[in-house]
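Encoded as structure tokens, the structure appears first; notes follow it.
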Amino acid sequence: MADLITRPNMPDPDRFYADLIKAYEALDEDATSSFSARLILLLTNHIGDPDVISQAVEEAARTHLVEE
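The sequence shown begins at 0 in numbering that gives the first Met the number 0 and counts up by one.
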């Protein structure tokens, strides 16, 4: 079983962030939700490992609960 990578793992995170912000700029609330869902599904399909995907869901939920 592969493990979710939670340490920094991108060669240029600033570029990714800029691209992501640009993609959201002109979207209204409904389009933002739709875009986010589509992006999540595309990345999930790319990962392809259900164990890693489950770990990501658990980590995101745990992080969200800590921030509340």
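Backbone N, C-alpha and C fix where the C-beta goes; we use that ideal spot for every residue, glycine too.
The structure presented is a predicted model; accordingly, all values stated were derived computationally and were not measured.
Mapping DSSP to helix, strand and coil, what is P10? The three-state reading of DSSP puts P10 in coil, since its state is none of H, G, I, E or B.
At the level of alpha carbons, what is the spacing between Y16 and M9? Going by the C-alpha atoms only, they are around 11 Å apart.
Going by C-alpha to C-alpha distance, which of R61, S53, A60 and A22 sits closest to L3? S53
Determine the extent of the alpha helix (DSSP H) in which E24 is found, giving its start and end residues. Premise fails: E24 is in no alpha helix (DSSP H) and is neither H nor E.
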